[in-house]
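Yeah, the sequence shown ends on 298 if you go by the working numbering, and it's all consecutive.
All C-beta atoms, glycine included, are put in the ideal place defined by N, C-alpha and C.
This structure is a prediction, so every number in the text was calculated from the model and none was measured.
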Amino acid sequence: MKHSSRILFVCLIVLSSVGCDQVTKGIAEKVLRQSPPISLLGDVIRFHYVENAGAMLGLGSSLPDHIRPWMLTILPGAMLVILLLFLLFNRNLDRWQIASFSLIIGGGCGNLLDRVFNNGLVVDFLNVGIGYFRSGIFNLADVAITTGAVLLILSRRWRGHHAAALPATPSQETGPQEEAVTPRAGHPNHTPGA
């Protein structure tokens, strides 16, 4: 993929992920903030507004106030910049890997925007499950991150499987080597004195 095409592809996925995440969080804040949870499909999908002080599924929410910004805002922000640079300049990535990393970056940026502009809190509003088996409350940024991670794992497995299925090239074959043939006397390729 050309570098300019890669940049366009990455920007499209990252900006779409961030845009969808921020729009749905805005809708959730307006519709769900002051209302009880809303259930759909026999309570398989539940919309419930919460502001999460931690990372995914509330991890890190009990960190001390002076450490939480470093661990949940500054460090992830630096990691996103490093991942973006890796994505833009590593020429060994295929389209699936580029899409996967772009989704992870887009989701990370969506949650990072919340932390920066919402006093360190991330808006979560989705919960899925059946009966007592339910997910934690999450948002579309979390969906983008998870989808990117799953696609990355699948693309690596596919590449490994695909590479193993390719026929070996002559330099990769480990069969017996041909022995050098020395022409005998009377053979058309025989040179006298050899």
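Taking C-beta separations shorter than 8 angstroms and ignoring five residues to either side along the sequence, the partners of V232 in its chain run V148, I149, R150, R238 and S239, following chain order. The three-state secondary structure of N215, taken from DSSP, is helix. By a beta-carbon distance limit of 8 angstroms, F193 does not contact G252. Their separation comes to about 19 angstroms. R195 carries a coil assignment under DSSP once its states are collapsed to helix, strand and coil.
Residue burial annotation: K129 is buried, with at least 16 other C-beta atoms found within 10 angstroms of its C-beta. DSSP places I131 inside the alpha helix (DSSP H), whose first and last residues are H107 to L136. The way I'd put it, the stretch 196-205 doesn't touch the stretch 173-181; fewer than three beta-carbon pairs between them come closer than 8 angstroms.
For D246, the secondary structure class from DSSP, reduced to helix, strand or coil, is helix.
In the three-state reduction of the DSSP assignment, V227 falls in the strand class, which pools E and B. Taking all protein chains in view, the Cβ of V127 is surrounded by fewer than 16 other Cβ atoms within 10 Å, so the residue is classified as exposed.
Collapsing the DSSP output to three states places L145 in coil.
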